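Visitor: The structure that follows is given in the form of structure tokens.
Protein chains: 2
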Amino acid sequence: MKTSRSVIIVAGGSGKRMNSDVPKQFLLLNGKPILFYSLEAFHHFNPNIHIVLVLPESNFDLWKSLCKEYNFPIKHVLAKGGKTRFNSVKSGLKQIPHTELIAIHDGARPLISKENISVLFEDAEKYGNSVPSIPINESVRIFQEDENEIMDRSIICIIQTPQIFKSEDLKKAYQQSYEVRFTDDASVVETLGLKIHLSKGDPKNIKITRSPDLKIAEVLLNSH
Amino acid sequence: MKTSRSVIIVAGGSGKRMNSDVPKQFLLLNGKPILFYSLEAFHHFNPNIHIVLVLPESNFDLWKSLCKEYNFPIKHVLAKGGKTRFNSVKSGLKQIPHTELIAIHDGARPLISKENISVLFEDAEKYGNSVPSIPINESVRIFQEDENEIMDRSIICIIQTPQIFKSEDLKKAYQQSYEVRFTDDASVVETLGLKIHLSKGDPKNIKITRSPDLKIAEVLLNSH
Chain Z
240 MKTSRSVIIV
250 AGGSGKRMNS
260 DVPKQFLLLN
270 GKPILFYSLE
280 AFHHFNPNIH
290 IVLVLPESNF
300 DLWKSLCKEY
310 NFPIKHVLAK
320 GGKTRFNSVK
330 SGLKQIPHTE
340 LIAIHDGARP
350 LISKENISVL
360 FEDAEKYGNS
370 VPSIPINESV
380 RIFQEDENEI
390 MDRSIICIIQ
400 TPQIFKSEDL
410 KKAYQQSYEV
420 RFTDDASVVE
430 TLGLKIHLSK
440 GDPKNIKITR
450 SPDLKIAEVL
460 LNSH
Chain A
240 MKTSRSVIIV
250 AGGSGKRMNS
260 DVPKQFLLLN
270 GKPILFYSLE
280 AFHHFNPNIH
290 IVLVLPESNF
300 DLWKSLCKEY
310 NFPIKHVLAK
320 GGKTRFNSVK
330 SGLKQIPHTE
340 LIAIHDGARP
350 LISKENISVL
360 FEDAEKYGNS
370 VPSIPINESV
380 RIFQEDENEI
390 MDRSIICIIQ
400 TPQIFKSEDL
410 KKAYQQSYEV
420 RFTDDASVVE
430 TLGLKIHLSK
440 GDPKNIKITR
450 SPDLKIAEVL
460 LNSH
């Protein structure tokens with residue numbers, strides 16, 4: 240059977256910046272492991288989506304016991320995380336069946352909504368790919384050595400995930416060697432010479448990085 | 240008497256983005272008007288600092304009644320806000336006595352700490368000015384017409400307030416006519432040809448703009 244949509248949820252990070260021994264993706268948000276939210280959002284968007292979850296192999300058992308404890312019902316496949324995000328995505332790609340569009344999502348962004356996922360898949364169908372972006376509301380400066388100057392913030396934007404690409408583009412792009420400038424998937428794919436389509440992101444879709452972010456996510460989860 | 244340090248706290252905004260009839264600077268944060276926090280932080284940094292608060296003239300009475308209601312003890316001078324932030328700062332400058340260094344701070348940033356204020360004044364003494372900056376932790380893209388590409392986020396930073404300048408530089412810079420690209424005070428001052436010094440900001444020092452920001456500020460206020 241042909242699966243037309245897949246998602247790779249990347250959760251390779253450690254809990255170092257969260258002052259926690261538990262890797263951040265397993266911390267509880269409103270009483271539920273952070274990672275559950277992303278899997279649920281994609282499943283609610285489309286119950287037939289093929290979900291691959293990339294975790295450090297050392298966390299497989301922890302994850303499986305959490306799924307058991309919470310009776311987590313959503314079907315998914317595990318893939319072993321690599322040393323870098325680039326390697327983790329590469330590993331996830333091996334678990335993807337024949338598919339048209341692949342979304343790649345940070346497991347540390349639990350507040351992704353099914354509405355935003357839906358808009359992004361629609362845009363990816365129309366434009367070949369889609370990447371969620373939000374404006375920057377504060378002043379920005381650009382610096383080089385000891386010079387710096389104001390930068391026009393109206394021509395730059397913050398990029399979030401999920402980022403969605405045609406399967407063949409993504410697989411081809413990930414055959415390259417890793418480079419430091421690959422901070423997300425769009426930066427990997429654009430080296431093929433493809434134009435990246437900027438779609439509408441969601442300011443609520445924050446990345447859980449530092450310690451207060453978890454409580455901030457709770458506030459956002461409960462706000463309208 | 241010579242006052243060596245002054246601060247202009249700019250609070251000209253309306254409550255439009257906060258879904259509130261009350262201008263955001265008067266909303267309560269942990270039971271206290273948002274604006275009180277900034278005045279307190281500067282006063283605790285240095286009880287002799289000269290504080291000018293810029294408000295829309297239509298809010299003067301509301302402000303005075305809040306100060307009375309809460310027995311707000313910190314001495315300050317009011318200045319009338321203008322149509323733009325640029326005009327509000329200009330109006331505040333008229334209320335500044337002879338002083339060496341002037342800080343300009345957004346009233347919508349209640350979480351400024353006296354420690355950060357202290358670092359910024361020290362840097363301004365050493366380098367002639369100082370502007371708090373924090374790194375960007377997410378991918379950034381730069382766009383023009385329908386092209387866009389990844390931008391190296393390690394050479395840009397987010398700028399906060401307070402921004403501190405020598406009195407004579409600031410007054411001279413504010414004699415110019417307003418331009419759209421003046422999104423903060425550093426952008427006004429650098430047109431004099433002065434080098435801006437980037438100092439360490441504080442990720443907690445967020446700007447209260449949208450509705451959930453108030454609750455996020457509460458979380459940050461109570462976190463360590």
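These protein sequence lines are chains Z and A, in that order. End of the first sequence sits at 463 in this note's numbering; the numbers just go up one at a time, nothing left out. End of the second sequence sits at 463 in this note's numbering; the numbers just go up one at a time, nothing left out. Even glycine gets a Cβ: it sits at the ideal position worked out from N, Cα and C. Computed from a prediction, not measured in an experiment: that's the story for all the values here.
(1) Which residue spans inside the region 343-416 of chain A form an unbroken alpha helix (DSSP H) run of at least 4?
(2) Would you report the Cα separation of L317 of chain Z and L292 of chain Z, rounded to the nearest angstrom?
(3) Using a Cβ-Cβ distance cut-off of 8 Å, determine whether L459 of chain Z contacts chain A.
(4) Would you say D423 of chain Z faces chain A, with C-beta separation under 8 Å as the test?
(5) Does the separation of the CB atoms of G251 of chain Z and S327 of chain Z fall below 8 Å?
(6) DSSP on M240 of chain Z, reduced to helix/strand/coil?
(7) When you compare each of A:E296, A:I343, A:N310, A:K314 to G320 of chain A by their alpha carbons, which one comes out closest?
(8) Looking at chain A, is there any beta carbon in it that lies within less than 8 Å of the beta carbon of R420 of chain Z?
(9) Out of Z:S245, Z:K454, Z:E377, point me to the one whose CA is closest to C396 of chain Z's CA.
(10) Are the CB atoms of D385 of chain A and V402 of chain A within a distance shorter than 8 Å?
(11) So, do the region 426-437 of chain Z and the region 335-348 of chain Z have three or more beta carbon pairs nearer to each other than 8 Å?
(12) Assign D189 of chain Z to buried or exposed, taking buried as 16 or more other Cβ atoms, counted over all protein chains shown, within 10 Å of its Cβ.
(13) Can you give me the start and stop residues for the alpha helix (DSSP H) that V458 of chain Z sits inside?
(14) Which residue marks the beginning of the alpha helix (DSSP H) containing H283 of chain A, and which one marks its end?
(15) What did DSSP end up calling L266 of chain Z once you bin it into helix, strand or coil?
(16) Quick check on D300 of chain A: buried or exposed, where buried means 16 or more other Cβ atoms within 10 Å of its Cβ?
(17) In angstroms with no decimal places, state the Cα-to-Cα distance between R420 of chain A and I389 of chain Z.
(18) From the DSSP output, in three-state form, read off A425 of chain Z for me.
(19) Report, in whole angstroms, the separation of the C-beta atoms of L431 of chain A and L350 of chain A, which I expect to be a contact under 8 Å.
(20) Alpha carbon to alpha carbon, how far is N269 of chain A from R324 of chain Z? Give it in angstroms, no decimals.
(21) Establish whether the CB of L268 of chain Z and some CB of chain A are separated by less than 8 Å.
(22) Name the chain A residues whose beta carbon is nearer than 8 Å to that of Q334 of chain Z?
(23) Identify the residues that DSSP records as bridge partners of V293 of chain Z: which are they?
(24) Could you tell me whether the region 401-415 of chain Z touches the region 442-454 of chain A, using the rule of 3 or more Cβ pairs below 8 Å?
(25) Mind listing the chain A neighbours of N376 of chain Z? Cutoff is C-beta to C-beta under 8 Å, in chain order.
(26) Can you give me the Cβ contacts of S245 of chain A inside the same chain, cut-off strictly under 6 Å, excluding the 5 residues immediately before and after it?
(27) Would you grab the beta carbon distance between D362 of chain A and S369 of chain A for me? Rounded to a whole angstrom, and I think it's under 8 Å.
(28) Grab me the residues of S352 of chain Z's own chain with a C-beta within less than 8 Å of its C-beta, minus the 5 sequence neighbours each way, in chain order.
(29) Which residues in chain Z sit within 8 Å of L317 of chain A, going by Cβ to Cβ distance?
(30) Output needed for H283 of chain Z: all residues of its chain with C-beta closer than 7 Å, excluding positions within five of it in sequence on either side, in chain order.
(31) In three-state terms, what does DSSP make of L340 of chain Z?
Guide: Result, derived from the coordinates:
(1) Runs of the alpha helix (DSSP H) inside the region 343-416 of chain A: 353-366, 406-412.
(2) Cα-Cα distance, rounded: 5 Å.
(3) Yes, L459 of chain Z lies at the interface with chain A (some Cβ there is under 8 Å from its Cβ).
(4) Taking 8 Å as the threshold, the shortest C-beta distance from D423 of chain Z to chain A falls below it.
(5) Result yes, Cβ atoms of G251 of chain Z and S327 of chain Z sit closer than 8 Å.
(6) Confidence in M240 of chain Z is poor, its pLDDT being 41 and thus under 50, which makes the residue's placement unreliable; the coordinate value appears in the next sentence. When secondary structure is reduced to three states using DSSP, M240 of chain Z falls in the coil class, being assigned neither helix nor strand.
(7) For the residues A:E296, A:I343, A:N310, A:K314, the minimum Cα distance to G320 of chain A belongs to A:E296.
(8) Yes, R420 of chain Z lies at the interface with chain A (some Cβ there is under 8 Å from its Cβ).
(9) Cα-wise, what sits closest to C396 of chain Z is Z:E377.
(10) The question names Val, yet the displayed sequence has Gln at residue 402 of chain A. Contact flag unset, no.
(11) No: fewer than three Cβ pairs fall under 8 Å.
(12) Look at the range of chain Z in this structure, 240 to 463, and you will see that residue 189 of chain Z is not part of it.
(13) Looking at the DSSP string, the run of the alpha helix (DSSP H) that includes V458 of chain Z is 452-461.
(14) Looking at the DSSP string, the run of the alpha helix (DSSP H) that includes H283 of chain A is 273-284.
(15) Secondary structure at L266 of chain Z: coil, using DSSP grouped into helix, strand and coil.
(16) So D300 of chain A ends up on the exposed side.
(17) About 9 Å.
(18) DSSP places A425 of chain Z in helix when its eight states are reduced to three.
(19) In this structure, L431 of chain A and L350 of chain A do not form a Cβ contact; the two beta carbons are roughly 30 Å apart against a cut-off of 8 Å.
(20) Straight-line Cα distance between these residues: approximately 39 Å.
(21) Taking 8 Å as the CB threshold, L268 of chain Z stays off the interface with chain A.
(22) None at all; the shortest Cβ gap to chain A is about 24 Å.
(23) DSSP output for V293 of chain Z lists Z:V249, Z:A318 as bridge partner(s).
(24) Under the 8 Å Cβ criterion, the region 401-415 of chain Z does not count as touching the region 442-454 of chain A, having fewer than three qualifying pairs.
(25) The contacting residues are K446, T448.
(26) Same-chain partners within the cutoff: H289, I335, T338, I341.
(27) At roughly 4 Å, the Cβ-Cβ gap stays under 8 Å, so D362 of chain A and S369 of chain A are in contact.
(28) Within the same chain, S352 of chain Z has close Cβ partners A280, D441, K443, N444.
(29) The contacting residues do not exist; L317 of chain A stays about 26 Å from chain Z at best.
(30) Cβ neighbours of H283 of chain Z within its own chain (closer than 7 Å, five residues either side excluded): K353.
(31) In this structure, DSSP gives L340 of chain Z an extended state, which the three-state scheme calls strand.
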